[in-house]
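Shown next, in structure tokens, is the structure this report addresses.
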Amino acid sequence: QISVMLGPCAGGAAYSPALTDFVFMVRETSQMFITGPDVVKAVTGEEITQNGLGGADVHAETSGVAHFAYDDEETCIAEVRYLIGMLPSNNRENPPTVESDDPADRRGDVLLDLVPADGNRPYDMHKVIEELVDDGDYLEIHERWARNIVCALARMDGQVVGIVANQPQSLAGVLDIEASEKAARFVQMCDAFNIPIITLLDVPGFLPGVDQEHGGIIRHGAKLLYAYCNATVPR
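With this note's numbering as the guide, the letters of the sequence shown map in order to residues 311 to 545.
Printed below as a string of structure tokens:
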């Protein structure tokens, strides 16, 4: 299921899009919250606008409720169509395959320069993904939330694949609570829609810290382990 938020959604109705597979929002026109600014002010004394409380950027960057956020409805709808083109009609079918002009046997010599020999030097995992997939084209899920891990849909030799990759440019690519939750949900989605998973691993481990331990990193990290172990698609 795909939810496209083109206006405000408040109260119990906000749970409906949160239950779907993908949530699209449009800046300045889309808002989601359980209690609005007036209720927040009356109860806590905090003053905030609708966009500041539950706008597209808030849910795309901070809460992780929105998978995608765009500046206008036209771009949003176009990206919805693009996503639909990469998904099967139902969970019993395979994703659609297309003819690709990008040779499957091409050499990726660029990767020799992209990934540094020094393990302490950061690099942009997006450039690695661009080099691997057909025509360098991919759709990143939750692009602005938990940036230390990249989750994307792409094609290789015309076939849809899901990519999970640590991002060394953000927190050195460590796994934390949000990254574990983001990747776990993505892996489960790929498994549900018969999408093979490719994992690009460059991770120093889980993020140390009192906040992480008290926030339940064990529980959230276990979600990621379970998602991979439970997945039936090639991975």
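Cβ atoms here follow ideal geometry from the backbone N, Cα and C, with glycine treated the same way.
Helix, strand or coil at Arg391 according to DSSP, with G and I counted as helix: The answer is helix: DSSP assigns Arg391 an H, G or I state.
Could you have a look at Ile505 and say whether DSSP puts it in helix, strand or coil? If DSSP states are grouped into helix, strand and coil, Ile505 belongs with coil.
Taking the alpha-carbon positions, what's the Ile394 to Gly355 distance? Taking the straight line from one Cα to the other gives about 43 Å.
What first and last residue would you give for the alpha helix (DSSP H) that runs through Pro278? Outside the modelled stretch of the chain, which goes from 311 to 545, sits residue 278, for which no answer is possible.
Completely contained beta strand (DSSP E) runs for the stretch 414-487, where each covers 3 or more residues: Listed in chain order, they are 448-451, 459-466 and 469-476.
Spatial neighbours of Pro514 within its chain, please: CB distance less than 8 Å, with the 5 preceding and 5 following residues excluded, ordered by chain position. Closer than 8 Å at Cβ, skipping near neighbours: Ala482, Gly483 and Val484.
Supposed close pair Glu366, Ala379 - CB separation, criterion 8 Å: Position check: residue 366 holds Ala in this sequence, whereas Glu was assumed. Confirmed, Cβ separation roughly 4 Å.
So does the stretch 459-468 actually touch the stretch 419-426, counting three or more Cβ pairs closer than 8 Å? No, they do not touch.
How is Ser313 classed by DSSP in three states: helix, strand or coil? The answer is strand: DSSP assigns Ser313 an E or B state.
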